[in-house]
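S.K.: Sharing a structure here in structure tokens format.
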Amino acid sequence: MYNNPELNKYFGGNSESMPPIYCKFYKFCKYLAFIFLMYNYLGKNFKRTTIMELDILRAVDPAVAELVEKELKRQQTTIELIASENFTSPAVMAACGTVLTNKYAEGKPYKRFYNGCENIDQIETLAQERAKKLFGVDHANVQPHSGAQANMAVFMYALKPGDKVLGMDLSNGGHLSHGSPVNFSGLYFDVVSYGVDENGCIDYDNVAEIARREKPKMIICGASNYSKIIDFKRFKEIADEVGAFLMADIAHIAGLVAAGLHPSPAPYADFVTTTTHKSLRGPRGGIIMCKEKHALGIDKAVFPGIQGGPLEHIIAGKAVALLEASKPEFKQYAEQIVKNAKTLSEELINEAMEIVGGVTENHLMTLDLRKYNKTGKDIANVLEKVGITANKNTVPNDPQSPFVTSGVRLGTPAVTTRGFKEDDMRETAKIIASAVIYSDSEIALENLKARSLKLCEKYPLY
Ligand SMILES: Cc1ncc(COP(=O)(O)O)c(C=O)c1O
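Residue numbers for the sequence shown follow numbering that gives the first Met the number 0, beginning at 0 and rising by one.
Quick look at the structure:
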């Protein structure tokens, strides 16, 4: 979707596709531009560019520039199926690479602890207003550095250490920050958890039963690996019945919620947290949204509670992504994510693969490899060999450790940004199924890798 010649200017153009005369001229211009930049850099009139151009980086730090280039190549030549990843737009990247990185702005817009924030204040306010409009919420704090930070701030505001929390179990699809014993949430709070049934679905009656028995102070819904629609209304009824706060973590489905393709928790949840870099397709970061009555407390929990100075360059990137997500093209994009995921899961099932919960209702799914006697760790590595990036993931009641697992999670936000459609997902499913079955045959894997590369070449990235 970004295969637009404009982008080449950010990542060094592809002169191979030009006629030779233009190619020489282009290279000459590039050379001139490089000399000009070096002159400016070494001379007095050097102006910092607002976009981190690779040429500039190369001139200062060739080691980092080379690795960035290699990473670009890796992204261009592999099929990205990590469900929590995406490719941001050049505009988002441009915003993140600006002079805003230079500014300290502890506090909130128009209430800072530092001077010189008049522009920063407007940028952060824009991001807040766009988040409020897009998700239909009273208040948005756009400062959390990440999704885990957003969740931590909600815990800090709503709970005291030792309070009871009911969240989804990590091995059933929850997130570390929803109460895992190795995370702050599990270390400092009393955690009880719910899981999924044999069909991979949340059993809401069971959640209600646990809530009545345990009387948690906060219930968390939202997941890292759940392929069904979440019934936020039902969660709210359960929370109300036991007098608990409801926190909805929409990190994974934020793009679908923004596009109206998944029900929104906004009318129900006391707190809605999200990351901005998954299906929402923004920069890496988090947002907390809440009802007005919690606004002050949430803001204080973020700063000075758990963070110092906000990353205003990233907040600018969030503002851009939120604007992009409000456009009709984004709705089309989100629709295609869901179509692609549905097609991928259907085709994998046709290929005799097992999917937790069957055909997905959102953007992701988990391959259950127990039937093939293979582990998630092994198959994620095999997929990498054939040019597909995915992550190992536990399946419900997984006999393997979280480091080995019996599953591989697959998601479609990134490939959809790239332009993949249903036919491409069918081909991808065939490649995955063959890779699982022929995982020991180097020749078969080579052949599959060529097929992956062909798909990537069909949709050039950046
Ligand atoms: C549901 C959920 N919440 C929170 C997070 C944490 O986000 P981050 O990695 O930005 O801290 C994730 C990340 O995968 C997630 O899936």
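In this text, a Cβ means the ideal position worked out from N, Cα and C, and glycines have one as well.
Could you tell me which uninterrupted beta strand (DSSP E) segments, each at least 3 residues in length, are contained entirely in the segment 382-455, listed from first to last along the chain?
M.R.: If we require 3 residues or more, the beta strand (DSSP E) runs fully inside the segment 382-455 come out as 390-392 and 406-410.
S.K.: Thinking C-alpha only, which one of S344, K292, V271 and K373 is nearest A130?
M.R.: Of the candidates S344, K292, V271 and K373, the one whose C-alpha sits nearest the C-alpha of A130 is V271.
S.K.: Determine the burial state of N13: buried for a count of at least 16 other Cβ atoms within 10 Å of its Cβ, exposed for fewer.
M.R.: Because the pLDDT at N13 is just 44, under 50, the model does not fix this residue reliably, and the point stays unresolved.
S.K.: Rounded to a whole number of angstroms, what is the C-alpha to C-alpha distance between T365 and R233?
M.R.: Going by the C-alpha atoms only, they are around 25 Å apart.
S.K.: I think E426 touches L454, with their Cβ atoms under 8 Å apart; what is that distance to the nearest whole Å?
M.R.: E426 to L454, Cβ: 6 Å. Contact.
S.K.: Quick check: does the Cβ of D239 come within less than 7 Å of any heavy atom belonging to ligand 1?
M.R.: No, Cβ of D239 sits at least 7 Å from all heavy atoms of ligand 1.
S.K.: Measure the beta-carbon distance from A434 to V385 and round it to whole angstroms, keeping in mind my assumption that it falls under 8 Å.
M.R.: About 5 Å separates the two Cβ atoms, so the contact holds.
S.K.: Measure the C-alpha to C-alpha separation of R111 and L322 and round it to an integer number of angstroms.
M.R.: Looking at the two C-alpha atoms, the distance is approximately 25 Å.
S.K.: Start and end of the alpha helix (DSSP H) containing P232?
M.R.: The sequence given here places Lys at residue 232; Pro does not occur at that position. Element bounds for K232: F231 to V241.
S.K.: Please report the straight-line C-alpha distance between G296 and M246, rounded to a whole angstrom.
M.R.: If you take the alpha carbons of G296 and M246, they lie about 15 Å apart.
S.K.: Which of the three DSSP states is assigned to C95 in this structure?
M.R.: C95 falls in the helix class under three-state DSSP.
S.K.: Buried or exposed for N392, going by 16 or more other Cβ atoms inside 10 Å?
M.R.: Label assigned to N392: buried.
S.K.: Is H362 a contact residue of ligand 1, with contact defined as CB to any heavy atom under 7 Å?
M.R.: No, since every heavy atom of ligand 1 falls outside the 7 Å radius drawn around the Cβ of H362.
S.K.: Could you pull out every residue in the same chain whose Cβ sits closer than 8 Å to the Cβ of K317, ignoring the five residues on either side in sequence?
M.R.: Counting only Cβ-Cβ distances below 8 Å, and skipping sequence neighbours, we find A126, A130, V141, T275, G281, P282, G284 and I286.
S.K.: Compute the minimum distance between the beta carbon of R129 and the heavy atoms of ligand 1, and state whether it is under 7 Å.
M.R.: The answer is no for R129.
S.K.: Report the three-state DSSP secondary structure of N140 (helix, strand or coil).
M.R.: Three-state DSSP puts N140 in a strand.
S.K.: With a threshold of 8 Å, are at least 3 pairs of Cβ atoms found where one atom belongs to the segment 288-308 and the other to the segment 205-222?
M.R.: Because the criterion of three Cβ pairs below 8 Å is not met, the segment 288-308 and the segment 205-222 do not touch.
S.K.: S223: beta carbon under 7 Å from a heavy atom of ligand 1?
M.R.: The answer is yes for S223.
S.K.: Would a C-beta distance cut-off of 8 Å place L165 and A207 closer than the cut-off?
M.R.: No.
S.K.: Taking the C-alpha atoms as reference points, what is the distance between S179 and D168?
M.R.: C-alpha separation (whole angstroms): 8 Å.
S.K.: In chain order, what residues of the same chain lie with their CB nearer than 6 Å to the CB of E345, ignoring the 5 residues before and after it?
M.R.: Correct list, in chain order: V358.
S.K.: Note down the Cα distance separating K338 from S83, rounded to an integer number of angstroms.
M.R.: Rounded to the nearest angstrom, the two C-alpha atoms are 17 Å apart.
S.K.: Comparing the CB of R417 with every heavy atom of ligand 1, is any distance shorter than 7 Å?
M.R.: No, Cβ of R417 sits at least 7 Å from all heavy atoms of ligand 1.
S.K.: Short of 8 Å in beta carbon distance, which residues of its chain neighbour M155, apart from the five on each side in sequence? Order them along the chain.
M.R.: Within the same chain, M155 has close Cβ partners A300, G304 and I305.
S.K.: Are there three or more Cβ pairs, one per stretch, closer than 8 Å when the segment 412-424 is compared with the segment 373-384?
M.R.: The segment 412-424, when compared against the segment 373-384, does not touch it at the 8 Å Cβ threshold.
S.K.: Between the alpha carbons of E236 and P262, how many angstroms are there, rounded?
M.R.: Their Cα atoms are separated by approximately 16 Å.
S.K.: Of the choices A94, A250 and Q331, whose alpha-carbon is the least far from that of P143?
M.R.: Residue A250 is the option with its Cα nearest to P143.
S.K.: Taking E311 as the reference, give the member of A149, K163, E105 and Y332 with the closest Cα.
M.R.: Looking at the Cα atoms, E105 is the closest of the given residues.
S.K.: What separation, rounded to the nearest whole angstrom, lies between the Cα atoms of F231 and Y267?
M.R.: Each residue's alpha carbon lies about 7 Å from the other.
S.K.: DSSP on S170, reduced to helix/strand/coil?
M.R.: S170: helix per DSSP, three-state reduction.
S.K.: List the residues that DSSP assigns as beta-bridge partners of C220.
M.R.: Partner(s): A247.
S.K.: Within 10 angstroms of the Cβ of L186, are there 16 or more other Cβ atoms? Answer buried if so, exposed if not.
M.R.: Exposed, because fewer than 16 other Cβ atoms sit within 10 Å of the Cβ of L186.
S.K.: Can you have a look at Y332 and say buried or exposed, based on whether 16 or more other CB atoms are within 10 angstroms of its CB?
M.R.: With 16 or more other Cβ atoms within 10 Å, it is buried.
S.K.: Using 8 Å for Cβ pairs, my map puts V407 next to I430. What's the rounded Cβ distance?
M.R.: Not confirmed; about 13 Å, so no contact.
S.K.: Identify every residue that forms a DSSP beta bridge with V86.
M.R.: Residue identity check: residue 86 is Phe in the sequence provided, not Val. F86 is not bridged to any residue.
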